[in-house]
Structures are given as structure tokens and as C-alpha cells.
Amino acid sequence: MKQVLAALAMVAGLTGMVASPGALAAGKTTMSHIVMQVSDNDPGKWQLALNNAENVQEALGKDKVKVEIVAYGPGLNMLKADSKVAGGVNAAMDRNVQVSACAVTMKKMKVTKDDLIGGVTVVPGGVIEIMKRQSEGWAYVRP
Amino acid sequence: MKQVLAALAMVAGLTGMVASPGALAAGKTTMSHIVMQVSDNDPGKWQLALNNAENVQEALGKDKVKVEIVAYGPGLNMLKADSKVAGGVNAAMDRNVQVSACAVTMKKMKVTKDDLIGGVTVVPGGVIEIMKRQSEGWAYVRP
Amino acid sequence: MKQVLAALAMVAGLTGMVASPGALAAGKTTMSHIVMQVSDNDPGKWQLALNNAENVQEALGKDKVKVEIVAYGPGLNMLKADSKVAGGVNAAMDRNVQVSACAVTMKKMKVTKDDLIGGVTVVPGGVIEIMKRQSEGWAYVRP
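Residue numbers (this note's numbering), protein chains in the order written: chain A, 105 to 247; chain B, 105 to 247; chain C, 105 to 247.
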């Protein structure tokens, strides 16, 4: 019987491991992870993403939700030091929103980290980052 | 042996419970749940979302798919009583498509339920609604 | 004990089967499946989707990632023989990106397979294809 219980525990453990994102997706935890994409060169979209992040934090509780905004392609302009929404980006980071810039786009646009708003996280690739988050069970929204 | 089977049943049950969205994602059931986002102030996008909803219902069978359209931000205009696609929105609701309006946007735009097409569902937040649906295993499409 | 192990194996098997997309979502395998949507009549968006596909293949390894681009609605123009990005579409297909055209849109726009770039896959419906891929655990990105 001990062996059986050990085997059962192993099955449960294995299952738990394998299905963990499924498990995330099931519970409140997924409700509290969201990655937002900004890939348009459109300050209206940038502001909408910032509003969305704030609303989600207000609705779910700032400490109960993890929000990441990923900017890539023409959306990278949102994160330049002279961006029209620089104030909003800073306010979002102050509220613990992770703001990520795509390194592939930066290279293509000849933008360095110094050209970006301070505190922005550089990720290897914007789409790769979004794929990674979805594979971890995060919800995805493109405002 | 009885105890073992009971334990096995428990593991299976637990697994089923924990992994249920995964299970949803696996089977035909996810195929039949889709949430569509409308966040642009663009009648072309509104019509596309309505067409997409209809096509999905035709392809999978109206009674075998659950479709929800969530309008928020500048997309809320789609659901105003004087919307250019009011006829299409009514037709969608007649076909059991849930059409949802974001309460946060309504407050910001000073739009009340009376200003919207009759039958529209007001949800606490558009992005929150989309997160919730994804966490329940629904597919997400932004037309 | 043999029966018990058989039952355990069955539970594990069942769980594996039921939770497989969850499992996919957990591991590296989901990292390597992505479906991209093109539904805008905007060559800038078409080029962005093609760039995204290439970047993902470069980052993860062309043989370790499955990429599909689904064009529907006004995005179908991307795949017409005279498309501004026909060269890029051909290059993507040469790199084993699946490029899919929505049959519902083709019918509506009176576009036949002969009007499309050679090698494009015709799928019954663009949104249905995207739903199917998400239900199989693929990441979804709308550039």
C-alpha cells in the first residue's frame, strides 16, 4: 500500500507539474497575470494600454495582479524618452507594471537603452516575450 | 484494493478539477467558446467582428459555440443606440451572441445603459472580462 | 499490485490525454507554436507579421518553432498574387511558415485560389483556424 501511495503521489506530482499552466488557467492566479501588446505607432493606443493596465490593477488590486506591457515594432516609440506618454509610462512603472521593449526592434530602429524612458526592461524579442507569457498561462490582450 | 481505487478516483478527480481549463482547451469545448474584442472606434472593425461571430456560428453550429463580443475604450461607440451597426448588433444578440459593454469606459465617456442598444450586457471592465474568459479556456480574437 | 499499476498507468494516460494542451502550455513545446493573425488591409501590418515570423524563427531556431500566419477579412489582400509583400510571403513559406487564407473571405471577395500567391493554404475559416490553434495550445499574436 505504501508503494501504491508513493506511486499515487508521483502521478499527482507529475500531473501537477505537467498541468501547472492548466492549473493556473483554472484558478484565480491566471486572472492576475496579463500581458498587453503595443505594436502600433499610435499615441491613442499607447494611452489605451496604460488605462487598461491601471483599470486592471484597480479592479483586481494592485498587489494581486501582474501586468506587463510589451512594446515592439512601430509601438517601440511609446517607450522613447521623448514619448508623448512618458509620464504615464513612469506612473505605470511606479505601480509595478513591467514595461518591456523589444531588443530586435531597438536594433532595427537604432534605438539604445539610453534613448528609452529610464526603468524600461529590454527583452530579447517582443513576440517571444508574449509567447513566453502565454505559455506560462498569462492572459493576452492587444488594446 | 478498494482504498487504492478510491485514492485513484481522488487523484483522477483532483486532476480533473485542477486541469479542467486544460481539459477544456484540449477538447471540442474550447473550440466552442470565443471572446472577441472591439476597442477601436472604427465601424469597419465593428462589422468585421459581427461577421466573424456569424461565420463562427455558421461553421460550428449556432448551438455548439458560445460567442461574446466585448466592447471597451473607443470601441464602446459600437454599442450606442445610434451606432451604424445597431442592426447587426441586434441580429447578433438574436442569435445568442453575448454583447458586453465595459462599465469603466461607460463611466469615463458618461454613457449610461439607456444610451446603449437594448439587450447589451454591462460588464465591470472590458479587459477584466477578456482575462476572465481566457482563464476559463475561451479562445480570444481581436478582429 | 499489477492491477493497481495498470490503473495508475491509466490515470496517468488519461490525465496526459485530457491535459495535453495544458501540458503543451507548460513546456517548451508551446513556446514553439504561434499563430499570427492578419485582418487589416495594411501593408505595414503585413510586413510586421512577416518580420515577426522571421524573428521568432531566428530566436527559437527555424526547426524548433511552428509558425502560421492566418489572413482573413481585409487582411486577405496580403495573399493576393499582386500583393506588395508577395516576395516576403514566398520567403516565409520557403522557411516553412504556413500561410493560410480564409475561404469565407475568399468567397465573399470573389477571390479564387488562382488569385492567391502559389503555395498558400486555404482554410475553411480564418477565425475558426485561430480558435483551433489556440485550443491546441498555440500562442496567438495579432501584430
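Every residue, glycine too, gets a C-beta built ideally from N, C-alpha and C.
Secondary structure at LYS149 of chain C: helix, using DSSP grouped into helix, strand and coil.
Relative to the Cα of MET210 of chain B, the nearest Cα in the group B:ASP186, B:SER239, B:ALA175, B:ILE232 belongs to B:ALA175. C-alpha of ASP167 of chain C to C-alpha of GLN161 of chain C: approximately 8 Å in a straight line. In this structure GLY229 of chain A is not in contact with ALA195 of chain C, their Cβ atoms being roughly 19 Å apart against a cut-off of 8 Å. Among the residues facing chain C, SER143 of chain A is included, as its CB has a counterpart in that chain under 7 Å away. Within its own chain, the residues whose Cβ lies closer than 7 Å to the Cβ of LYS170 of chain B, once the five positions on either side in sequence are excluded, are SER136, HIS137, listed in chain order.
In this structure, VAL142 of chain C sits near ALA153 of chain C, with a CB-CB distance shorter than 7 Å. The beta carbon of VAL160 of chain A sits closer than 7 Å to some beta carbon of chain B. In the DSSP assignment, ILE138 of chain C forms a beta bridge with C:VAL171, C:ALA243.
In the structure shown, VAL226 of chain A falls within a strand segment according to DSSP collapsed to helix, strand and coil. By the CB criterion at 7 Å, ILE221 of chain B and LEU183 of chain B fall inside the cutoff. Put simply, the backbone Cα of VAL226 of chain C is about 38 Å away from that of VAL226 of chain B.
Less than 7 Å separates the beta-carbon of VAL203 of chain B from that of VAL224 of chain B. Taking PRO147 of chain B as the centre and dropping the five residues before and after it, the same chain places the C-beta of LYS188, VAL189 closer than 7 Å to its C-beta, in chain order.
By the criterion of a C-beta distance shorter than 6 Å, ARG246 of chain C is surrounded in its chain by GLN141, once the five residues flanking it on both sides are discounted.
ALA157 of chain B sits in a helix when the DSSP states are folded into three classes. In the DSSP assignment, VAL193 of chain C falls within the alpha helix (DSSP H) that extends over 190–198.
Straight through space, the alpha carbons of VAL193 of chain A and ASP218 of chain A are spaced by roughly 16 Å. For a Cβ distance threshold of 9 Å, residue set VAL231, ILE234, MET235, LYS236, ARG237, GLN238, SER239, TYR244 of chain B lies close to ALA243 of chain A, ordered along the chain. Contact annotation: in the region 164–177 of chain B, residues whose CB is within less than 8 Å of a CB in chain C are LEU164. Among the residues of chain B, those whose CB is under 7 Å from the CB of PRO228 of chain C are ALA163, following chain order. Look at VAL208 of chain B: its C-beta is under 7 Å from a C-beta on chain A.
Beta bridge pairing from DSSP links LEU220 of chain A with A:LYS184. With contacts defined as CB atoms closer than 7 Å, ASN155 of chain C and PRO178 of chain C fail to qualify as a contacting pair.
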